[in-house]
Amino acid sequence: MRRMVALLMVMFMALMLFAGCGKSSDTGQTNETSPKETSDKTTGGEDAAKEPITFTMYSADANPNADQFKSPVAEKIKEITGVTLNINHEAGSDPKQTLSIMAASGDYPDLVFAKGDLYLLKDAGGILQLDDLIEQHGPNIKALFGDYLPRLRWSLDDPHIYYVGSYPVYQESLTPGGAFWLQHAVVKDLGYPKINTLADYENAIKEYYHKYPEINGQPTIPFTLLADGWRFLISVTNPAWAATGGSDDGEWYVNPDTYQAVRHVTREEEKEYFKWLNHMYNEGLLDPESFTQKYDQYKAKIASGRVLAMADAQWEINDAEVALRQAGMEDRMHGLYPVMLSSDMKCRVNQSPGYTGGWGISITTKCKDPERAMEFLDWMSTEEAQVLTHWGIENVHWKYDSNGKRVFLPEIEEQRRTDPSFSKKTGIGNYTYPFPEWGNGKKDSTGNYVQPDSEVEDIIKNYTDTEKEVLAGYGATTWMDLFPKPNEFPVKPWGAVWMYHISDSDITAIDSKLTNDIGPRLVPKAILAPKDQFDKEWDNYLSEMNKAGLPKVTDEINKLLQEKLELWGVK
99 MRRMVALLMV MFMALMLFAG CGKSSDTGQT NETSPKETSD KTTGGEDAAK
149 EPITFTMYSA DANPNADQFK SPVAEKIKEI TGVTLNINHE AGSDPKQTLS
199 IMAASGDYPD LVFAKGDLYL LKDAGGILQL DDLIEQHGPN IKALFGDYLP
249 RLRWSLDDPH IYYVGSYPVY QESLTPGGAF WLQHAVVKDL GYPKINTLAD
299 YENAIKEYYH KYPEINGQPT IPFTLLADGW RFLISVTNPA WAATGGSDDG
349 EWYVNPDTYQ AVRHVTREEE KEYFKWLNHM YNEGLLDPES FTQKYDQYKA
399 KIASGRVLAM ADAQWEINDA EVALRQAGME DRMHGLYPVM LSSDMKCRVN
449 QSPGYTGGWG ISITTKCKDP ERAMEFLDWM STEEAQVLTH WGIENVHWKY
499 DSNGKRVFLP EIEEQRRTDP SFSKKTGIGN YTYPFPEWGN GKKDSTGNYV
549 QPDSEVEDII KNYTDTEKEV LAGYGATTWM DLFPKPNEFP VKPWGAVWMY
599 HISDSDITAI DSKLTNDIGP RLVPKAILAP KDQFDKEWDN YLSEMNKAGL
649 PKVTDEINKL LQEKLELWGV K
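Numbered per our numbering, the sequence shown spans residues 99 to 669.
Laid out in structure tokens, this is it:
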């Protein structure tokens, strides 16, 4: 009886969540395209403009800037293709639960972006193989991905394509992605001290904090972190690999010589990073609310101008930085520095994974018109769509200047730099990720880059005067100048481990416990412990992970890594 009640509840929840769903029958080298090739791509997908149709779509990402497909860019997409997207963005904190309900009920939308949990729908028979659809209706998809198309294949055992890949193809690192931020006012006041190691970083924070215990009448916050839900991984654990010479493989570190992976927090170097956090806490320099504050509270603190330093990704603090800029507090904005555990380590945050594959948009078995859906995704891969989704509408949002360069209109340029709701109001940037996307190394048939801010002069132009002053103080013109260049490192032949699919449900459950329970529970306990208790708490954390099954997950990741290398022709 209990099982029957549980099943009925699952079915009811699924119906409530997806009542609107359809139910009927790095990166490689810059690849510039010739005008003829691009023209063909633009007109390919010419059959996309047919009778109006609405596709339902689930995205595992929340999107506070979602425009309900009513922005000018969305309306233009609808006008050209006849397609309206009814996108249901994840509203909770656990996409896996939502997708599990979907798989159990068999009630699918037309399109799904499931991120790393697509295997749940694949195992349930809920998504289509796309090989034939791409061959018949996807010429622009094939052109966009080029030699990287095989990276969309699922596995050695099942070498079919089940999604059209997200993340840009031919992407180059023009700005550092994130890690250690420091307020401009700090380095200006201290005469531009070197910021290369954790000791340098700490000394700058401490000296300024002691000089200015209050900012704007409120207590100064020396250094803060964010541990709200999954953001714990971004602000608390990711900086550990960044500060110890790792590159972004999610929760893993891959030895570049042996191609063997370990859970990155198990490295001895990273223990030293977390010991430094423990030291910062015991010195009164780490915000005691780091592990309890919510994301909105965190952003509000930064936007108040009283946070001296953070460890985080750029996209996570962007709204707060825009708010500071809007408020005229340029000195209270933050710069990004290559902070390492020791001076003999090299920062690899900008190492390229090549095109990563792994995640993308799938067409479900309940899609009302799979061919039309593929034609739409194919049109989204054309030059016309790429320019529209990245730049907006010609003469409404952008124009060509006297040199033939595509530029935003002055008022639009100002809005995108200062208005946190810019994407919601215009739709610009809302339909790039997770759709197929050309990277910032790609030029269109006019000789312009497809993505804005793809040239150094564009980046510098949008710096504040304070940023330019600070960079000049360090003998630099861009933040990237402070970091090792991407071409100083080989492209990672294994891609990015954080995009790998673990399809074994038992191992997935173990990995979830390690990531979402043991880490968020025991890492803060070690950081907030008295100094003489740190080693004990850290050893307990590692022990609990091993007891929970870390060796099994490690074996599975290494198996997938070796398969990926073979699938991609590396070995």
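C-beta atoms are modelled at their ideal positions from N, C-alpha and C, and glycine is treated no differently.
The structure displayed is predicted, hence computed values, not measured ones.
Item                                                                                                                         : Value
Among Met-643, Leu-658, Asp-630, Glu-664, the one whose alpha carbon lies nearest that of Asn-376                            : Asp-630
Given Lys-240 as reference, the closest of Lys-220, Tyr-261, Ala-222 once Cα atoms are compared                              : Tyr-261
Straight-line gap, Asp-347 to Lys-148 (C-alpha atoms, nearest Å)                                                             : 42 angstroms
Bounding residues of the beta strand (DSSP E) (the contiguous stretch that carries Lys-497)                                  : 496–498
Own chain residues within Cβ distance below 8 angstroms of Met-99, not counting five before or after                         : With a pLDDT of 39 at Met-99, under the threshold of 50, the modelled position of this residue cannot be trusted; read the value that follows with caution. Cβ within range, chain order: n/a, list empty.
Cβ-heavy atom distance, Ser-441 to the ligand ATP, below 7 angstroms                                                         : Annotation note on the ligand ATP: not contained in the displayed structure, which lists no ligands.
Classification of Pro-628 by the beta-carbon crowding that lies within 10 angstroms, buried from 16 upward                   : exposed
N- and C-terminal bounds of the beta strand (DSSP E) containing Ile-239                                                      : Element bounds for Ile-239: not the beta strand (DSSP E) but the alpha helix (DSSP H), 237–243.
Of the listed residues Ala-425, Ile-319, Gly-667, Pro-150, nearest to Met-408 (C-alpha basis)                                : Ile-319
Contained alpha helix (DSSP H) runs [length at least 4] in the segment 395–460, N- to C-terminal order                       : 412–424
Phe-670, DSSP secondary structure in three states                                                                            : For residue 670 there is no data in the structure shown, the boundaries of the chain being 99 and 669.
With 16 other Cβ atoms within 10 Å as the buried cut-off, status of Glu-664                                                  : exposed
Residues near Thr-152 by beta carbon distance below 7 angstroms, same chain, minus five either side                          : Thr-182, Asn-184
Selection from Gly-490, Asp-609, Met-643, Ala-398 that minimises the alpha carbon distance to Ala-172                        : Gly-490
8 angstroms Cβ cutoff met for Tyr-371 and Ala-341                                                                            : yes
Alpha-carbon spacing of Pro-508 relative to Ile-557, whole angstroms                                                         : 15 angstroms
Beta-bridge partners of Tyr-156, as assigned by DSSP                                                                         : Asn-186, Val-210
Residue interval of the beta strand (DSSP E) (run including Gly-692)                                                         : One cannot answer for residue 692 here, as it falls past the ends of the chain, which runs 99 to 669.
Simplified DSSP assignment, three categories, for Leu-228                                                                    : coil
Same chain, Cβ closer than 6 angstroms to Lys-662, five either side skipped, listed in chain order                           : Trp-592
Candidates Pro-207, Asn-163, Met-438, Thr-454: closest to Tyr-268 by CA position                                             : Thr-454
Val-668, DSSP secondary structure in three states                                                                            : coil
Bridge partners - Phe-321, DSSP secondary structure assignment                                                               : Leu-384, Ala-407
Three-state class that DSSP yields for Trp-350 in the structure shown                                                        : strand
Cβ-based burial, Asp-653 [other Cβ within 10 Å; buried from 16]                                                              : exposed
Tyr-263 - partner residues in DSSP beta bridges                                                                              : Before going further, note that residue 263 is Gly rather than Tyr in the sequence given. Answer is Gly-458.
Rounded separation between Ile-232 and Ala-212 - CA only                                                                     : 20 angstroms
Supposed contact pair Asn-448 and Pro-584 - C-beta distance, whole angstroms, cut 8 angstroms                                : 5 angstroms
Local conformation of Thr-295 per DSSP, three classes                                                                        : strand
Under the three-state DSSP convention, the category Ala-646 falls into                                                       : helix
DSSP state of Glu-535 mapped onto helix, strand, coil                                                                        : coil
Endpoints, alpha helix (DSSP H) assigned at Val-621                                                                          : 617–625
Nonlocal neighbours in the same chain, by C-beta distance under 7 angstroms from Pro-695, ignoring five residues either side : Nothing about residue 695 can be read from this structure; the chain reaches only from 99 to 669.
Range covered by the alpha helix (DSSP H) that runs through Val-334                                                          : Segment: none, Val-334 is in no alpha helix (DSSP H) and carries neither H nor E.
Meets three-Cβ-pair contact criterion under 8 angstroms: the segment 419–429 and the segment 274–292                         : yes
Ala-359: first and last residue of the uninterrupted beta strand (DSSP E) it sits in                                         : 359–361
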